Structures are given as C-alpha cells and as structure tokens.
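Chains as they are written, first to last, in our numbering: chain A, 1018 to 1216; chain B, 1018 to 1216. For each residue, glycine too, the CB sits at the ideal point set by N, CA and C. No experiment lies behind these values; they were computed from the predicted model shown.
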DNA sequence: TGTGCTATCTTAACAGTGTTTAGAATACGT
DNA sequence: ACGTATTCTAAACACTGTTAAGATAGCACA
C-alpha cells in the first residue's frame, strides 16, 4: 500500500523506472507478454500513460529491459548451480539450469527469444545477452574427445534450448504421451546431457 | 491484378477465406507476425475491416488457421525428404527437414509455437498439429540399442527444435563466432543427428 | 419464375493501444 | 536564490480488435 494508491502522490515518483519494470514483470508472468502494455504498467504505478516512455523510449524498450533482466537471471542461475556442484558435467549443468530457468519463469524465458518484440540495438540487452551466451559457450564447449568443440557446443546448446522450449510449452507430455515430466525428474536431464556429452 | 483493385468489385468476394489467408501469410513472411492484422488483410483483399471476422472469428482464429497451414507444410516436407531418401537415418532426416523448414518459412515456423497467439481449442489446428507431431514421434523414436525409445525421441526432437530455433534467429553465428552456418552445410546436420542417433 | 432463407459483406461505432506534442511541476547545481 | 534540466501530465492522433445493425447476394424450394 505504498506505491499503488497513496493520496497526494508526489509529482515525481522517485524510482519510476524500477516501479514500471516491476509492474511489467508481474504482468508478464501472470498474463503473458500480451498483458504488458505501457498504459497498464503506468496505471499500476499510478502515473500517466506517457510517463514510462520517458524512461524506456517505447514499448520495445521496456520489453528489452525486461529481457535483459532475464538474461542476467539466467547467468545467476548458472553460477549458482555451478557453485553448488549440482551436476556431474558442464553439459548436464547447462541443460539442467536452462530447463529449470525456463520452467520457473516461463513467460520471461519466452520473451528473451522473441526478437520481433525486442530492440536489436539496445545496449543493455546486448550486453546482458552476450554475457549469458559467453557463459553458455563456456559450459557447452567443454573438452570432448575426437570432436570439434564448435559442433559440440552447438549440439549441447541446441539440446538445452529445444528441451526447455518443448517442456515449457507442454509439447513433450502431450506429444510423446508419457507421464508427467516435471522438474523432479532431473535425473533424466542428466541422462540426456550425458549422452550428448558422450557422443 | 485480379484481386486487389478491380472496379465494380462484387459484393460477395467468392473465396474470401482463401484470399485473407493468403494475404495474412504474405504479410507474415515479409513483416513478421506483428504485420498480420485483420484490418490490413482486409484492405489487401479489398473488403471491409469486419469481413474476415465472419470467416475466422477473431485474429486468434486467423493466426491459428495460418499455424495449421504451417504444420501441414511441415508434414509435406518430411514426407518429401523421406521419399527422396535424402538422409541416412530417420533422426537426421527429422533434423534436416525441421531445420530447412524453419529457415525457408521462418516467421511461419515461429508462429507455430507461439501458443499465446493461437486458439487452444481450434479443431483444425489441433488436428494438423497432432498429425505433424505423430510424424515427428515416428521418426525420432526409431529403434536404438539399449535406450528407452521415449528418451531417444525426446532427445532427437529437442535437438531439432533447438537447432532450428537458434539457427533461425541467428544465435549460433552470433554466439559461437563461427563462420556462416547456412543451409548448404547440411552435412553438419547429418553429423549432429548421427551423433544423437548413435548414443 | 418468384419467394423466403441464409450466408456474406458494409457501415458505424466503441474501447483500448502506442506515441507525440506542449506545457506544468519538481529537483538540483551554481 | 535563481535558472536549467529532469520528470511528469493532459490532450490529441492514428492505429488496432470487435460488435451491432443493416444491406446485398446467392440458393433452395415453391
């Protein structure tokens, strides 16, 4: 009750950029990307419809900032899993973290790859994305006997990306007709990644 | 010059559904999914803004019909490649056809997986999607020694899906810093699929 | 041939969107 | 204390999807 409807709201918000970004993320996770509109976020923050534009330039800018946040969080997740020693091989760590991230913040994960909604020349987004992709490359191109590191990296990343996408959209349960396939079966991720690592 | 601006256009279009769908696909491939709007398609077909709604119910319905067309085409592509004997193993055929489809109709491929824009209870879409996924399952769960067909199918499909997505959005060239990685290097797809098939 | 009936399309309107413009209110450095 | 720059408001414009009411044409059936 301290940012929604306080009477005598000051003319200057204080930290509007953060407030808009938080409102946008809340709306993203509950209502999908369609629900994050400039006007709705402005309403939620108690400002006029044109106020957010001053901070983000456009809706594209707002979504790009959101996506950058997503890439930052993915890096955090990868680091955490690595420090916790949560996987046997770099590849299985990548797949596990990737998939668990996509399931814990599904709409944000989607947005991160929706190029048509993002600003291709947003510096913050480009920086965050590059950091994350460097991290992925490091994990996926771990030494593997008798195979080009490039092909190896492509295979691991593709496997992680496809698995995350298909799981997140429920394609695997519905298409393969298997029983549930949630986060608890992380042993299977290990198996998938280990196989990919082995080849 | 026979459907855009003929003077004395008849009150009834003749085959408006098809005309709208074609206009929508044209706009999808050239301008992305953002460019396919009911009003724009109606303009292109020379009818009033409300006319398409009678055939598709809503924009969701139009996009769903478009996505259904996409799944149908994917099946055709898979069949063609299979009949032409264009790959050594079922898995490499799946990966090759999947990737080449995603690169030949990138925006349509994207739309097929944009659940938030599609009607979850559209019968035609559900039917087309099921046919395509049955086809994928058949190819991806080919016999493989000492491994569950289910895990095998998940691995192949994930690899194909992720590779198609990452290539289609230019992530692999930009992230892995390798030289170009276009359709002509289909030999590498074979290698990727063969490895996955082997495990 | 004529007569309903139904499908198809138009016109007009409504609510909601992103974005721009001009200007008001506040903060802040000097 | 003053002037400037930042931040926000208010109003408007051009879009969008969608609906309601009505006009038009095709079609089955007499």
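Would you grab the beta carbon distance between residue i and residue j for me? Rounded to a whole angstrom, and I think it's under 8 Å.
i                       : j                       : result
residue 1127 of chain B : residue 1081 of chain B : Going by Cβ atoms, the distance from residue 1127 of chain B to residue 1081 of chain B rounds to 14 Å, so no, they are not a contact pair.
residue 1120 of chain A : residue 1185 of chain A : 6 Å
residue 1142 of chain B : residue 1135 of chain B : 6 Å
residue 1104 of chain A : residue 1098 of chain A : 7 Å
Are the beta-carbon atoms of residue i and residue j separated by less than 7 Å?
i                       : j                       : result
residue 1094 of chain A : residue 1108 of chain A : no
residue 1170 of chain B : residue 1092 of chain B : no
residue 1110 of chain A : residue 1175 of chain B : no
residue 1116 of chain B : residue 1062 of chain B : no
residue 1085 of chain B : residue 1040 of chain B : no
residue 1087 of chain B : residue 1129 of chain B : yes
Using the C-alpha atoms, what's the distance from residue j back to residue i?
i                       : j                       : result
residue 1044 of chain B : residue 1036 of chain B : 12 Å
residue 1173 of chain B : residue 1177 of chain A : 12 Å
residue 1050 of chain A : residue 1131 of chain A : 10 Å
residue 1158 of chain B : residue 1068 of chain B : 45 Å
residue 1038 of chain A : residue 1083 of chain A : 7 Å
residue 1074 of chain A : residue 1046 of chain B : 27 Å
residue 1072 of chain B : residue 1066 of chain A : 35 Å
residue 1147 of chain A : residue 1137 of chain A : 13 Å
residue 1089 of chain A : residue 1100 of chain B : 46 Å
residue 1057 of chain B : residue 1102 of chain B : 42 Å
residue 1079 of chain B : residue 1078 of chain A : 28 Å
residue 1195 of chain A : residue 1123 of chain A : A caution first: residue 1195 of chain A carries a pLDDT of 41, below 50, which makes its placement in the model unreliable, though a value can still be read off. Rounded to the nearest angstrom, the two C-alpha atoms are 21 Å apart.
residue 1133 of chain B : residue 1112 of chain B : 26 Å
residue 1033 of chain B : residue 1059 of chain B : 9 Å
residue 1153 of chain A : residue 1048 of chain A : 29 Å
residue 1042 of chain B : residue 1070 of chain B : 17 Å
residue 1052 of chain A : residue 1076 of chain B : 16 Å
residue 1106 of chain B : residue 1155 of chain A : 31 Å
residue 1000 of chain A : residue 1031 of chain A : One cannot answer for residue 1000 of chain A here, as it falls past the ends of chain A, which runs 1018 to 1216.
residue 1166 of chain B : residue 1055 of chain A : 47 Å
residue 1151 of chain A : residue 1118 of chain A : 17 Å
residue 1168 of chain A : residue 1190 of chain B : 12 Å
Q) Listed in chain order, which residues of the segment 1052-1064 of chain B have Cβ atoms closer than 7 Å to some Cβ of chain A? A) Listed in sequence order: no entries.
Q: Scan the segment 1174-1194 of chain B for residues whose Cβ lies nearer than 9 Å to a Cβ of chain A and list them as they occur along the chain.
A: For the segment 1174-1194 of chain B, which is checked against every Cβ of chain A, the residues closer than 9 Å are 1174, 1175, 1176, 1177, 1178, 1179, 1180, 1181, 1182, 1183, 1184, 1186, 1187, 1188, 1189, 1191, 1192, 1193, 1194.
Q.
If the cut-off is 8 Å on Cβ atoms, which residues from the segment 1081-1102 of chain B count as contacting chain A, listed in chain order?
A. Using a CB distance below 8 Å, no part of the segment 1081-1102 of chain B faces chain A.
**Q.** Selection of the segment 1122-1133 of chain A by Cβ proximity to chain B, strictly under 9 Å
**A.** 1124, 1127, 1130, 1131, 1132, 1133
Q: Give the residues from the segment 1035-1050 of chain A that approach chain B closer than 7 Å (Cβ to any Cβ), ordered along the chain.
A: 1049, 1050
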